[in-house]
Structures are given as structure tokens and as C-alpha cells.
Amino acid sequence: MIAIIARSLWARKRRLVATLLAVALGVAFLAGTLLLSDTLRANFDRLFTQADGGTNVVLRGATEIGSGNSARTGVDASLLPRVRTVPGVADAQPYLEGYGQLLGRDGKPIGGNGPPTQAANWVGDPALNPYRLVAGHAPRAGDEVVINRGAARTGHLALGMTTTLLTPQPLRVHIVGISTFGTADGFGPGTFTGMTLDAARAHLAGPVRPKGPGAPAELTEILVKASPGVPDQELAARLRPALPAGVQAITGAQLATEDLDDINSGFLGFLSTGLTAFAAVALLVAAFSIYNTFSILAAQRGRESALLRALGGTRRQLAVAGLTETLVVGVVGSVAGWAGGIGIAALLKGVFDSFGFALPAGGLVLRASSAVLAVAVGVAATVLAGVLPALRASRVPPLAALRELAAEPARISRVRSVLGFLLTGGGVTAVIAGTAGGGQGPAIAGAVGTLAGFVVLGPVAVRPAAALLGAPIAALRGVDGRLARDNALRNPRRTAATASALMVGVAVATLFTVIGASLKASATQGVGRALAADLVVYQPGYAGGAGKAGFSPQLAAGLGRLPSVGVAAGVSRGSVLLNGQAQTIAAVDPDRIGSVLNLGVTAGSLGAVDSGSFAVSAAAAADQHWRVGSRVPVVYPDGTRARLRVAAVFDHPDVTGDYLFAAAGWAPHAGQPLDAMVLIKLKPGAALGPARAAVTAATATAGQPRVQDRAQYQASAASYVTTVLGLVYVMLALAIVIALMGVANTLSLSIHERTRELGLLRALGQTRTQARGMIRWESVIIAVFGTLGGVILGTFLGWAVVRSSSGASLAVFAAPPLQLILFLVLGAVTGVLAGIRPARRAARLNMISAITAA
Amino acid sequence: MAVRAEHAVKVYGTADTAVTALDDVSIAFPAGRFTAIMGPSGSGKSTLLHCLAGLDTLTAGKAFVGEVELGALSDRQLTLLRRDRIGFVFQAFNLVPTLSARDNITLPMTLAGTAPDPDWLATVIERTGLTDRLGHRPAELSGGQQQRVAVARALATRPQIVFADEPTGNLDSRSGNEVLELLRAARDDFGQTIVMVTHDPVAAGFADGVVVMADGRVTEGGTR
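These protein sequence lines map, in sequence, to chains R and V.
Residue numbering for the first sequence follows the working numbering, starting at 1 and increasing by one per position.
Residue numbering for the second sequence follows the working numbering, starting at 855 and increasing by one per position.
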């Protein structure tokens, strides 16, 4: 039997090529995803181990505010002398780290789209500093800095040059040293500026608070080096009794692990979940194609199978033969796909880089577990997709060998119609119930049900849909169009299965498009109603809008003095623990904010917000059951605890976020003062153009930030959506390519099956052009049918997502008609492309063998 | 003469595997006559028909439909010639399964984008006795009915010549006779030129004359 299977596979190798390719592409994407995740994880592991691992023990604040190591309470420098006396401590150095944006030679910020832009005091002891000086010397004067080699390269800076460091106050600095991170150019693509401790204290720390005479500023950490022979754990244990409350000692290795866990659960987790989801879509689409190919092959082999049965083959043997075949295809395709995944991983990294999400570089990390997983998933998907066709083929009655048999049953069972309608109806009902407040469970179940219903209903829908889609083609293209439509209708199950692959891909693309458009519409509407300012000044960050980069509060003050400016209000951002939960807050001047923002205060008053109170959005207040007058426990970034009163509740959190603090109350606890944006209301009668020019000129030294009017800011507030959508489309392109190959493959196979009919048509006077047209239009009908299904399904699911979301970011549902029409047009183009090869084959058919074939 | 072949040679394959299907055949089929070509399997009778009908090309020699030399035509010109001037009845698989009987009959006109002559179409259809089966698809017709639809299609364009390749090969004798009678009537009533390949002497009996072939040559009958 094995020999028969092998021979049968070999004889059909050309028809299996497309199937193999579908498996390989699906697996390649998954393998590439896993590979990229492994590689990034290994790179981050290396980076953090290098950054923290060398330090024996780190002393740091015990209270974590928000996530990431910077959002922590600090350590007091007065601790240093005491730490140095603890036995086993060879050295202890202060470490003060903060935001420091370097400007390149062109005056523009270096890096900044995500990776950290840090400044800190330069620690002289190489055991406590992951950076190595490769040129120049350590900073000695207040304006001397060491920058990392990567930053120097990107910013076209060199030893001896003078540039600006935004801390965020613009600071003229002299580059006296170039450093490397270990042997690398930097901490990934991040930038690092090292300065003297005094300069760091002056520029990176918060305002100095009087804590008695000569109170030193707070440090980020104290770095401790162990004496020879003292293990890290032991040293940490010895240090603990010497520490005041609120300060903890952990080993460098622990810190590296913590950082890695942070990035794994945050950025990396998000990245690999997203990528895996797209890999799953690609595999699902591939599975449809595989199922389809095996179904057609099984049908075409009906007589051969029947002959084997007549000669004494059991059903079992036939089923085993069919499954073995899928297994072989699965294994070969998956292994090839894994190899292709190496290329995909490199490609994915390139895609992310080109979209501005810089990922740390480093050699690819090949892990056996990932390889096994990718191949196993690929084989499983192939075999699963092939089980049904194999079983069906094994049920061929032996007598079928003796008669001419139709390739596949063409009629649609009533069970299918009923089941399909029930699934779709039930799914849609569940989704609507879910969005109307029934909860996420039924909504998700409903979405899955709707998808399954669409797939099951496909063959039922083929007849009306193809008749509808075929009508203009038949009218326009005459007989080729009519024959094409009839061909698409002749085997609704096959047509639907072919179209399903495309449908799934298009549905996901549509879903993202609708969500993206809704995000944009919501942001535009939200910003539109909340923003009263005429101009917004900000440094574009990670998400397109204002990021963590920012300005000194002096900038807002300076802008306020411009003749055309009425009010200039800075908005700074930060993290606090509110009622025990980390929240991002905005700190503003309550007296000014009302002129630049229309917050829609529903209770209390903004003017009442002071250092003992804050304002909260209506949505957040409802979630937490707060009213005006409620008292909420808060922990500031410096560890100070307080109970704050809710002074106002407002409706429009779109520009600021859900929590508003008074700048005066916030600044003393916040460390480095940093305005994320400056909102400007012009004086009545001031012309926008000249005012904008004045503001642009006044902010040039602050890293040439964006100066935008209302409409521009509205547009860029949602511009990250475009970037993310671009990424999503690139990810989905592969699934669409797989679907396209599926359509082409199905058509090729059915042309093989229709050899005699095509030959007859040619004999009766169908020209080659007509023959090509007929196949091409059939392909177009199938493709548009699938695309249409996908657009409908995706729009519905998108609507469900938007409706079930309670956040302000998805307040408005928007389905962009132009884009959806574009999808349909692209679907038709896909059809034309998929039809090229099959159409050529049909036109080249040898008529004689076609009409005399027995 | 409706169609003729001059020193027609057809060789399949090359070198060692070459098979000569037509070995210098010269023959003409007069207009208005119903001629049968007989011969054993492999005698070259089907090849001759294919080459005369423009479905296949000769290795050497010439084939004419009317005064048109087929070897000089492009694929497109050949296709149009088949569509406009030749009718076909094959042994099996004569009809497009997705089209109704009526659509199958008018298929050559549809492919040409021309409207059928309604009177003529009605006449032809009436002769086939299938007036009430026109809306059915081929799968819903018997073998004999399918072949009669094929004959109606062959006649519908008023071709210069109808080629029939074993039209009764898959039929029982009664259905076969109905098809042959239909062809005979086309010759008698409309003066249709017909060339039919068959190995059945009973079928050949319906023809005006018989050409016998063996080993790629005409051994008996035929003009010239």
C-alpha cells in the first residue's frame, strides 16, 4: 500500500505543489513569528544581563508606580556613607537617571520612537557601569557628556562637538566621550548620555525639596559592588538591615530577570500574541486551501479508488492511504515552511523597522522547541484539513469504477442550509446581545458562530451571489461571462470552499479596517470636542500623538509671553497609585486649562482642583464609584502618601486622559519636570499664521517639536492607527497570497476535470481569447464572492467590537466605504491574477485529446 | 467538392515512436452527399476527420474546406471556420453540462455573438422531436436524446459540412437508428453534406457511399 501511495503522490506531484506551498507559507509565517520572538527575547535577555548583571546589588525604592523600572520611588543619597560601611561592600555609587533627549547635528531628536532616551550620571567604576568608554574621557565639567556610539552615528555627532540635550530644558553639552554598551553601539536602538553627578542632580532630578539643612536630592538607585568572595545574595542580605523603610536591596541578576519579565509580559508578549494571531489567520486560510485541494484530488481519483476497492482494498486501507498522503504533504510542507520562516523573521523585523518600531538587532536564535512547534502545528493543520476528503474518498463504492461518475456531488443538502442559517442567526443574535450588555462571552461565541455559519452557508449563498455578480459580467462579456457564471455555479461547494479562504483573510482585514476607522473617527471627534486651543506643541512619540518626550515647563511660560498668545498651558504626564492601582495622570494648571480645553465638567469645578484634590473623568468615576467629595488614597512617584479629594468630574478625557492633577501639587513629587505638550489659545483677533510662526521659532531650540493647529492635531492624534493598519495589512498580505494560490489551484484542478468540455467548446468555435476570458471571469466571480463575504463578515464583527467597547477611544463606529469598495476591487484583481495561469492552460488545451479522451 | 485532402500525411510522435496515422491520403467528399468512412481501429479514419475539420493539423499535404486551405490559417481563423462552416457530432460528451438543450443547440451562434435564424432553428428542433425537452440539461436527457441535440446543434448554423465521429457508438440500436435517420433526413430534405466515421456497417448503410480505410490509406471507394 505504501508503494501505491508513493507512486500516486509522485504521479500527482505537480498538482500537489500548490498545496505544499500553501502549507509551507502558513508554517513559514508561524515559524518566522516564533523565531523573531525567540530572537528578541534572547537579545533583550543579553541586553538586560549586560545592563544590570554586572552590578552585584542594587538599592532602590520599594514602591512601584506604574510599570517599568523608572516608575519607582527613589533612594536618598544620605544612605551612601552608611552603605559603604557595611562589611562586604567594596564600593557604592549613586545613580541618578532621567529623561535626556539628545538632538542630532540637524537639531532633530535622535531615536525616540519607543526605545528609551536616557541620561544619567556617568559611573566611573566599570564594574557598576555597563557602558564602556571607547574614545575621549569621562565628563568632568557640568557641560561635558559621554554619549553612546549608536546615538553619535544616528545624529552625525562626533567627539568634540557641541549639541543640545533636552532634560527637557535645552542644555548645551560638549561631547567629551563616546561609549559602547558592552561591545554594542547602544542599549538596542536607545540613546544614553552620561554626565557628572552634579549635572545629573541639577537637570535630571526633581525640584530640591527642603528636608532640613543641605538635604540632598533623591537618587534613582545606589549601585553596590561586592568585595571579592562575597556572593551577591549574601551581600544583599547584609545590606537589608541597614536600609530604611521604602528601600530594597536586590541583586543585579534579579533586576535583569525582572526587567526581562517586564518586557516579556509587556511589549514582547503583545508583539508575539499579535504576530501569532496573524500566523493563525494565515494557517486557517492555508487549511481551507488544503482541504479544497484534497477534496478535488479525492474526487478526481474516484475511479482509481473504486478500482482499488473492487480489487479488494478495504475502506480502511483507502482512508489510511489518503491520510498518509496528507501526512507526507504536511511534513514536507511544514519543514520547508520552517526553513522559510528564517527569511520571514528577517522580513518581519525589516517591516517593523520600516514602520518605525525599532527592535534590538542581533543574530537569529534558532530554538528546537520553536521548530518542533511550528512543524507540529503545520502537520496537524494539514492532516486535519485532509481527514474529511480522505474519509470521503474511502467511501467510494467499488461499482463506481465501472461508470462515468460526477467528480463531486453538486447538490446542497438541506441539513447544510438549516445548520448554516441556525449558526449564522444564532451567532449574530449572540453578538448583538453581547454588545447590548450581555457580556463578552456570548459576543465572542457569537462571532465564532457567525464565522462558522458563513463558511457553512457559503455553498447556499453561491447560487444567488454568483447569479448577482455574474449578471453584469454576463451582460458585459457575453457568452464567456455567462459560461463563467455557470461554471462558478456548477459546484457550489467547491466554489464556496475556494472563496472561504479568501473570505477569512478579507474578513480579518475588514475587521481591522473598521476598527481602525472607528478609532480615528472617535479620536477626531473626541479631540474635536475637547480641544479649545488654537495650537498644540508636542514632540511626536511612540503612538504618533504626544509621547513621553517633552519640554521644560519654562517653555510654556515663555510661549505665554509671546504677543499673540493669550494662554499657554503645559500638560505633563506621570504615574501614580490611585486607590492602589497604577494610573497615568495629567498635571495641569487648573486656572489655565479651562481656556485651552473644553473638558465638559459635569460636577464640581476645575478651579477647585488644588494640591489636595484632583479631577476625574465621568467614565473612570463611574467605574470606581467616586463622586465629587470622595476621598481617594494616592501614592506619588516619590513615595509620598496622601488622601486626595475628588474636586470635579468631567466628560471629555480625550486630550488629557482620565485623571487631572494640579501642577502645583504634582511637581514637588514628580521628579524631572516634563511637559508632554503645550496647549495654546491665541489672543482674540490674533492671526493663526504669524502666531504659529512665532511659536515655531520660540520652540526651535526645544528639539523642533510639532506645532499644529486644531485640525492637524486632530488628524495626528489618530495617525498611529494608519501605521498600525499598515502593519496589519502587511501581515495579512501573506494570508491573501495563500488564498490567491488556493483559487488558482482549484481552478487548475477543475480545468483538468473539465478537459473534455473545454475541448468541445473549442471544437465548436470558441476562440482562445474566449476560453481565457471564460476561466478568468470564473476566477473573478469566485474571488469577488469570497471578498464580499469577508467584507460583510468583517464589517459586522468590527461593528460588534466597537459597540461592545465602553472606552472613549472607540466611541464612534465608522466603516470607510471607499476602503471597503477598494477591497472588493482588489478582490476582483486577485481573481484576475489567480485566473491567469489556469486560463492560459485552458486556452492551450489540446482539443483532440480533450474530445477523444475515454 | 465540399472538403478534400491532397496527399495528406499525419505522423504522431517522432523518431522511434513515430506512428503514421495518415499515409498520403488524397480524397474528396462531394457536396450534398452523406458519406461514411469505415475501417478498423487505428486505420486513420478519425485522424482524417479531425484534420479535415480543422481540429488537428497535417504533417504534410493539404486539407481544404471548400476552397480554403486549412494549413494556411491561424488558430483563430481555424476556430472561426469551425464555428461558421462546420458542424460536429462526437461519439460522447457532445454537450456542455451546465447549459440547457436549447442553449447547447445555439452555442456556436452564441460563441459567434450572432442571433440564430428563428425559423430555421424551429425547423431543426422540430425534426429532432425534442421540442418539449429544450429546457432540460444534458444530464436529464437520455443518450439518444443527447445525440439528437448534438445533431440539431450541428445543423443549426447551416454549415457547409457536418462531421460525425461515431455518433451512435455509445447508443443502443433503436436510439442509434433515430440519430442516423435524423442525419439522413438532413441530407435528403436540406441537402446537407455529411461525413461520418463509423465502424458499424448498419450505420454506414444510411450513407450514400462508403470509404474504407486501413493502415492510414484509403483502400476502397472515394472520389479520385
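Backbone N, C-alpha and C define an ideal beta-carbon position, used for all residues, glycine too.
Below 7 Å CB to CB, which residues in the same chain sit around residue i once its five sequence neighbours on both sides are set aside?
i                : result
Val332 (chain R) : Leu20
Val23 (chain R)  : Ala286, Ile290, Val329, Gly330, Gly333, Ser334, Gly337, Gly378 and Thr382
Ala735 (chain R) : Val281, Ala282, Val285 and Gly505
Leu80 (chain R)  : Ala92, Pro94 and Ile222
Gly544 (chain R) : For Gly544 (chain R), the pLDDT reaches just 37, beneath the cut-off of 50, and the residue's location in the model is therefore unreliable, leaving the point undetermined.
Check the DSSP bridge columns for residue i and list the partner residues they point to.
i                : result
Asp709 (chain R) : R:Leu535
Ile178 (chain R) : R:Ala135 and R:Ile147
Ala662 (chain R) : R:Val588
Gly612 (chain R) : Gly612 (chain R) pairs with nothing; no bridge assigned.
Asn121 (chain R) : R:Met195
Arg840 (chain R) : DSSP lists no partner for Arg840 (chain R).
Asp91 (chain R)  : R:Lys225
Ala568 (chain R) : R:Ile680
Arg72 (chain R)  : R:Glu64
Arg861 (chain R) : Residue 861 (chain R) lies beyond the range of chain R shown here (1 to 854); nothing can be said about it.
What does residue i touch in chain R if you count any residue whose Cβ is under 7 Å from its own?
i                : result
Asp929 (chain V) : Arg768
His904 (chain V) : Ile848
Asp910 (chain V) : Ile848
Pro962 (chain V) : Leu764 and Gly765
So, at 6 Å on beta carbons, what are the nonlocal neighbours of residue i in its own chain, with the 5 sequence-adjacent residues on each side left out?
i                : result
Glu778 (chain R) : Ala484, Asn487 and Ala488
Ile775 (chain R) : Gly835, Pro838, Ala839 and Ala842
Pro116 (chain R) : Gly190
Ser897 (chain V) : Met1067 and Ala1068
For a contact defined as C-beta to C-beta under 9 Å, what are the partners of residue i on chain R?
i                : result
Phe942 (chain V) : Leu760, Ala763, Leu764 and Ile851
Arg936 (chain V) : Arg762, Ala763, Leu764 and Gly765
Please compile the residues from chain V whose C-beta is within a distance smaller than 8 Å of the C-beta of residue i.
i                : result
Glu757 (chain R) : Phe947, Val950 and Pro951
Asp654 (chain R) : None at all; the shortest Cβ gap to chain V is about 58 Å.
Asp857 (chain R) : Lying outside 1 to 854, the shown extent of chain R, residue 857 (chain R) is not represented and no answer is given.
Consult DSSP for residue i and reduce its assignment to one of helix, strand or coil.
i                 : result
Ala466 (chain R)  : helix
Lys916 (chain V)  : strand
Gly639 (chain R)  : coil
Asp1019 (chain V) : strand
Glu778 (chain R)  : helix
Met1050 (chain V) : strand
Val379 (chain R)  : helix
Ala647 (chain R)  : strand
His752 (chain R)  : helix
Leu949 (chain V)  : coil
Asp185 (chain R)  : coil
Gly547 (chain R)  : Confidence in Gly547 (chain R) is poor, its pLDDT being 43 and thus under 50, which makes the residue's placement too unreliable to answer from.
List the residues of chain V that residue i touches, going by C-beta distances under 7 Å, in chain order.
i                : result
Gly478 (chain R) : Gly967
Asn487 (chain R) : Thr952
Can you give me the Cβ contacts of residue i inside the same chain, cut-off strictly under 8 Å, excluding the 5 residues immediately before and after it?
i                : result
Glu408 (chain R) : Caution applies to Glu408 (chain R), whose pLDDT of 48 falls short of 50 and renders its modelled position unreliable; the value that the coordinates give is listed next. Around Glu408 (chain R): Ser295, Ile296, Ala299, Asn491, Arg493 and Arg494.
Ser575 (chain R) : Ile65, Gly66, Ala71, Ala582, Gln583, Thr584, Ile585 and Pro637
Val134 (chain R) : Arg149, Ile178, Ser179 and Thr180
Ala374 (chain R) : Val27, Leu30, Ala31, Leu34, Ser334, Gly337, Trp338 and Gly341
Can you pull the chain V residues whose beta carbon is under 9 Å from the beta carbon of residue i, in chain order?
i                : result
Arg490 (chain R) : Pro951 and Thr952
Under 8 Å between beta-carbons, which chain R residues line up against residue i? List them in chain order, please.
i                : result
Arg981 (chain V) : None at all; the shortest Cβ gap to chain R is about 20 Å.
Thr933 (chain V) : Arg762, Gly765, Gln766, Thr767 and Arg768
Is it the case that the region 1000 to 1017 of chain V contacts the region 962 to 980 of chain V, given that we only count it when at least three CB pairs across the two stretches are under 8 Å?
Yes, the region 962 to 980 of chain V touches the region 1000 to 1017 of chain V.
Across the region 855 to 868 of chain V and the region 911 to 919 of chain V, are there enough close Cβ pairs to call them in contact, namely three or more that are closer than 8 Å?
Yes, they touch.
Counting pairs of beta carbons, one from the region 121 to 129 of chain R and one from the region 262 to 272 of chain R, are three or more of them closer than 8 Å?
They do not touch, by the three-pair rule.
Taking three-plus beta-carbon pairs below 8 Å as touching, is the region 701 to 716 of chain R in contact with the region 445 to 462 of chain R?
No, they do not touch.
Whether or not the region 181 to 195 of chain R and the region 144 to 164 of chain R are in contact is what I'm after, with contact meaning three or more pairs of Cβ atoms, one per stretch, closer than 8 Å; do they touch?
Contact between the region 144 to 164 of chain R and the region 181 to 195 of chain R is established, with three or more Cβ pairs separated by less than 8 Å.
Quick check: the region 765 to 773 of chain R against the region 463 to 475 of chain R, are there 3 or more CB pairs under 8 Å?
A contact between stretches requires three or more CB pairs, one per stretch, nearer than 8 Å, and the region 765 to 773 of chain R fails this requirement with the region 463 to 475 of chain R.
Using 8 Å as the Cβ pair cut-off and three pairs as the minimum, do the region 924 to 938 of chain V and the region 867 to 875 of chain V touch?
With a cut-off of 8 Å, the region 867 to 875 of chain V and the region 924 to 938 of chain V do not count as touching, because too few Cβ pairs lie within range.
The region 605 to 618 of chain R touching the region 669 to 689 of chain R, judged by at least three CB pairs closer than 8 Å:
They do not touch, by the three-pair rule.
Meets three-Cβ-pair contact criterion under 8 Å: the region 496 to 511 of chain R and the region 621 to 628 of chain R
For the pair of segments examined, the region 496 to 511 of chain R was found not to touch the region 621 to 628 of chain R: the number of CB pairs separated by less than 8 Å stays below three.
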